[in-house]
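In the UniProt record's numbering, the protein residues as written are 1 to 258.
C-beta atoms are modelled at their ideal positions from N, C-alpha and C, and glycine is treated no differently.
Single-structure report; data block below.
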Amino acid sequence: MYFLVQANVYLDPDHYKIFDALEELNIDYHVINIPPTVERIDFETDRKDIFVYGSVTIARLAKQNTDWFPGSFYGGNHLYEVYSQYYGENLLNHNVSVHKISEELIWKKDEIKFIKPYNEAKIFTGKVFNETEWKDFVFEGLENKSNRITEDSLVQISEAKRTIKEARLWIVGGQIIDAGYYKFNDNAPFEENVSEDGLSFANEMIQLFNLEEAFVMDICLIDEGWKIVEINCINSSGFYPNTNVKSIIKALNIYFSN
């Protein structure tokens with residue numbers, strides 16, 4: 001398989017690991033810069049066995065190249081409105097409402113909300129906001145013409161919940177290839193490897209709905225048990241310091257070469 005990798009991914013300090021993995025595995029690849037305002041990928045090749053990796057922009061634009069396989073998994077089943085029908089109450093944020101970012105929200109006294117982008121995952125990072133923080137964020141986001149936030153950008157809003165620990169899982173062909181914690185809260189004891197009950201929960205979710213041939217699932221433990229935080233497109237999901245990038249690239253190459 002041939003990897004088309006975006007070079008200018010500045011928000012992920014571990015992005016370089018994909019180049020180390022491709023070199024070690026002796027897999028063919030090409031590095032490309034993708035300007036944020038570009039409307040198509042300026043890249044010519046006779047190969048069709050192409051997998052793209054980088055930002056949401058390259059993942060989205062690669063869908064135009066319908067003859068690339070596997071190309072990009074952007075969109076489709078990754079939309080909350082699709083996968084929520086299968087995962088239901090197994091989602092951390094099961095009950096959500098969708099609004100334009102410019103809409104005035106109703107806030108209770110001292111309320112906090114978890115707010116994230118609805119269909120453009122990387123226009124900002126989802127997190128917990130109070131009323132003042134959200135109003136300031138919206139004002140600055142709309143004033144800043146260099147980002148992709150507009151008055152019509154959709155956001156997904158849900159009740160803020162306390163998580164104990166959170167992990168990212170990389171799934172290829174229905175199998176968990178790599179799993180690692182990226183967040184521990186409060187006094188949660190450190191664990192080097194994701195617990196067996198967390199992996200069992202994830203495998204149950206894959207059996208419930210194997211969303212794509214390759215995708216990323218973030219899970220968390222709360223007082224009520226394990227939940228899915230969100231589903232991410234594997235073509236634009238960032239690595240963490242403990243991510244085994246070599247295993248992921250190897251699994252992708254083997255699975256889609258067959």
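Considering only the beta carbon of each residue, do residue i and residue j sit closer than 7 Å?
{"i": "Ile248", "j": "Trp170", "result": "yes"}
{"i": "Lys113", "j": "Ala160", "result": "yes"}
{"i": "Asn185", "j": "Ile164", "result": "yes"}
{"i": "Asp152", "j": "Lys100", "result": "yes"}
{"i": "Val172", "j": "Ala251", "result": "yes"}
{"i": "Ile228", "j": "Phe215", "result": "no"}
{"i": "Trp226", "j": "Gly198", "result": "yes"}
{"i": "Ile41", "j": "Gln6", "result": "no"}
{"i": "Val194", "j": "Gln156", "result": "no"}
{"i": "Glu166", "j": "Tyr182", "result": "yes"}
{"i": "Arg60", "j": "Tyr2", "result": "no"}
{"i": "Ile149", "j": "Ile123", "result": "yes"}
{"i": "Phe43", "j": "Glu212", "result": "no"}
{"i": "Asn90", "j": "Tyr83", "result": "no"}
{"i": "residue 260", "j": "Tyr118", "result": "Outside the modelled stretch of the chain, which goes from 1 to 258, sits residue 260, for which no answer is possible."}
{"i": "Asn244", "j": "Ser158", "result": "no"}
{"i": "Val9", "j": "Gly75", "result": "no"}
Tell me residue i's beta-bridge partners as DSSP assigns them.
{"i": "Gly180", "result": "Arg168"}
{"i": "Tyr29", "result": "Phe3"}
{"i": "Ser158", "result": "Phe114"}
{"i": "Val128", "result": "Phe114"}
{"i": "Gly71", "result": "Phe51"}
{"i": "Gln175", "result": "Val172"}
Does residue i come out as helix, strand or coil in the three-state DSSP assignment?
{"i": "Asp218", "result": "strand"}
{"i": "Ile231", "result": "strand"}
{"i": "His78", "result": "helix"}
{"i": "Val194", "result": "coil"}
{"i": "Leu211", "result": "coil"}
{"i": "Ile101", "result": "coil"}
{"i": "Leu92", "result": "coil"}
{"i": "Ile50", "result": "strand"}
{"i": "Asn203", "result": "helix"}
{"i": "Trp226", "result": "strand"}
{"i": "Glu24", "result": "helix"}
Buried or exposed: where does residue i fall if 16 or more other Cβ atoms within 10 Å of its Cβ makes it buried?
{"i": "Phe51", "result": "buried"}
{"i": "Asp28", "result": "exposed"}
{"i": "Gln207", "result": "exposed"}
{"i": "Phe139", "result": "exposed"}
{"i": "Val128", "result": "exposed"}
{"i": "Pro70", "result": "buried"}
{"i": "His30", "result": "exposed"}
{"i": "Asp178", "result": "buried"}
{"i": "Thr66", "result": "exposed"}
Step through the CB atoms of chain B and report whether any lies within less than 7 Å of the CB of residue i.
{"i": "Leu105", "result": "The structure shown contains no chain B; it holds only a single protein chain."}
- Any chance the stretch 238-252 sits against the stretch 2-16, with 3 or more Cβ pairs inside 8 Å? yes
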